[in-house]
Amino acid sequence: MLFKHFHDIRGAWGKPIPITSGYRCPDRNKAEGGGPYSVHLFGLAMDLDFEDVREVSKAAMLIKQIAPDLRIGVYKEIGTFIHIDVGYFIYPRIDEKWRKGARWYG
Numbered sequence: 064m065l066f067k068h069f070h071d072i073r074g075a076w077g078k079p080i081p082i083t084s085g086y087r088c089p090d091r092n093k094a095e096g097g098g099p100y101s102v103h104l105f106g107l108a109m110d111l112d113f114e115d116v117r118e119v120s121k122a123a124m125l126i127k128q129i130a131p132d133l134r135i136g137v138y139k140e141i142g143t144f145i146h147i148d149v150g151y152f153i154y155p156r157i158d159e160k161w162r163k164g165a166r167w168y169g
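Under the numbering used here, think of the first position of the sequence shown as 64, with each following residue one higher.
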């Protein structure tokens, strides 16, 4: 389901969107600063990198429109980066376990 959403998002965006992270093994997840419950460990998340910071809010709005069931994380400290996931399959609520400094939709 995540890849289908990405395919739809990519088509609507009209140009390539680099995927900087998807499934992570536990060692890689730890090295990236991911938590023990990271949805990357289950292959349920992607990190997308956009060309410039001005594209991020436009892309987040587009993602919300095309795939409203995706959770979207926009990180202030990484200006061109958006996290998308379908982690509600294993962890349905966004709460204090989620990384601070992110703006989450969904």
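Using N, Cα and C, we set each Cβ at its ideal position, and we do this for glycine too.
What you are looking at is a predicted structure, and each value in this text was computed from that prediction instead of being measured.
Check, Outcome
"Among residues of its own chain, excluding the 5 on either side of residue 146, which ones have a beta-carbon nearer than 6 Å to its beta-carbon?", "110 and 136"
"Taking the continuous beta strand (DSSP E) assigned at residue 130, which residues delimit it?", "That residue, residue 130, is in no beta strand (DSSP E); it is neither H nor E in DSSP."
"Which residues in the same chain as residue 84 place their Cβ atom closer than 8 Å to its Cβ, once the five residues preceding and following it in sequence are excluded?", "95, 103, 108, 109 and 110"
"Rounded to the nearest angstrom, what separates residue 79 and residue 73 at their Cα positions?", "7 Å"
"Ignore the nearest five residues each way along the sequence and tell me which others in residue 64's own chain have a CB closer than 6 Å to its CB.", "149"
"By Cβ distance below 7 Å, which residues in the same chain neighbour residue 92 in space, the five residues on each side in sequence not counted?", "101, 103 and 104"
"Between which two residues does the beta strand (DSSP E) holding residue 147 run?", "144-148"
"Select from 129, 142 and 138 the residue whose C-alpha is nearest the C-alpha of residue 69.", "129"
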